[in-house]
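Down below is the structure, laid out as structure tokens.
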Ligand code: GAR
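In the working numbering, the protein residues as written are 30 to 216.
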């Protein structure tokens with residue numbers, strides 16, 4: 030199988046990045062993680078790129094055309110799929126137009142419920158019975174593109190936000206690779 034080149038955008042811890050790198054080592058996984066982009070110079074996730082000798086780019090989002098340096102690297106590394114894994118920045122319309130249907134995001138809720146930030150707190154506050162994670166295509170609207178994979182679990186009465194986070198992030202490690210496999214299943 031000839032693997033396609035994927036890039037992962039991060040801002041922080043990078044546990045999803047690590048999981049995607051681990052999955053990409055499997056023979057039948059459709060993509061290689063060929064580039065990592067971070068908007069945070071202190072992102073712990075950068076260590077996974079370094080450890081695995083994956084080229085990485087740190088961008089300063091305060092600079093007006095920081096996305097141009099990303100686009101340049103993406104072209105250089107022949108990236109065909111961009112995975113947003115805890116990347117806490119909005120992708121511009123210009124960027125989206127260039128990579129339409131090629132950018133996917135993981136979100137810690139059962140979209141369309143709880144778009145945006147502080148999902149665990151809001152889920153608990155609303156006494157939800159279930160929560161989970163969603164992998165979806167990225168479009169102009171926040172956390173609103175077409176769903177690819179969703180995984181859920183039942184919330185126990187005693188579960189607090191920290192437990193929801195642990196359980197959700199555990200599911201994310203299955204949902205993200207599954208979504209990538211689904212995208213390339215028939216190609
Ligand atoms: C993940 O739980 C992801 O769903 C969330 O950030 C975390 C990143 O964890 N993303 C968002 O909240 C985006 N709206 P990681 O850095 O350990 O992969």
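Using N, Cα and C, we set each Cβ at its ideal position, and we do this for glycine too. This structure is a prediction, so every number in the text was calculated from the model and none was measured.
- Return yes when at least one heavy atom of the ligand GAR lies under 7 Å from the C-beta of residue 39, else no. Taking the first residue of the chain shown as position 1, residue 39 is located at position 10. Flag set: Cβ of residue 39 near the ligand GAR.
- Item | 8 Å Cβ shell around residue 61 - same chain, five flanking residues per side excluded | Translated into the one-based positions of the chain shown, residue 61 becomes position 32. Excluding sequence neighbours, residue 61 sits near 32, 33, 34, 35, 53.
- Can you tell me the Cα-Cα spacing of residue 185 and residue 209, whole angstroms? Taking the first residue of the chain shown as 1, we reach residue 185 at position 156. Taking the first residue of the chain shown as 1, we reach residue 209 at position 180. If I take the Cα positions, the gap works out to 30 Å.
- Message: Helix, strand or coil, according to DSSP, for residue 61 in the structure here?
- Response: Here residue 61 refers to the residue found at position 32 of the chain shown. If DSSP states are grouped into helix, strand and coil, residue 61 belongs with the strands.
- Run the proximity test for residue 112: is its beta-carbon closer than 7 Å to any non-hydrogen atom belonging to the ligand GAR? The count along the chain shown starts at 1 and reaches residue 112 at position 83. No, Cβ of residue 112 sits at least 7 Å from all heavy atoms of the ligand GAR.
- Within its chain, find whatever has a CB closer than 7 Å to the CB of residue 37; leave out the 5 residues flanking it on each side and keep chain order. Here residue 37 is taken as the residue at index 8 of the chain shown, counted from 1. Result list for residue 37: 46, 49, 62, 65, 112, 114, in chain order.
- Pick from 118, 214, 176, 188 that is closest to residue 91, judged by C-alpha positions: Here residue 91 corresponds to residue number 62 of the chain shown, with the count starting at 1. Residue 118 holds the alpha-carbon nearest to the alpha-carbon of residue 91 among 118, 214, 176, 188.
- For residue 166 versus residue 180, is the C-beta distance shorter than 8 Å? Against the chain shown, residue 166 aligns to sequence position 137. Against the chain shown, residue 180 aligns to sequence position 151. Between residue 166 and residue 180, the C-beta gap is not smaller than 8 Å, which leaves the two residues out of contact.
- Message: Looking at the ligand GAR, does it come within less than 7 Å of residue 82, judged from the CB to the closest heavy atom?
- Response: Sequence index remark: in the chain shown, residue 82 carries index 53 (1-based). No, the ligand GAR has no heavy atom inside 7 Å of this Cβ.
- Message: Can you tell me whether residue 140 is helix, strand or coil according to DSSP?
- Response: For the purposes of this step, residue 140 is identified with residue 111 of the chain shown, where counting begins at 1. Coil, per DSSP.
- Check: residue 42 C-beta below 7 Å from any heavy atom of the ligand GAR: By 1-based counting over the chain shown, the position of residue 42 is 13. Yes.
- Three-state class that DSSP yields for residue 128 in the structure shown: Your numbering for residue 128 matches position 99 in the chain shown. Of the three classes helix, strand and coil, the one that applies to residue 128 here is coil, per DSSP.
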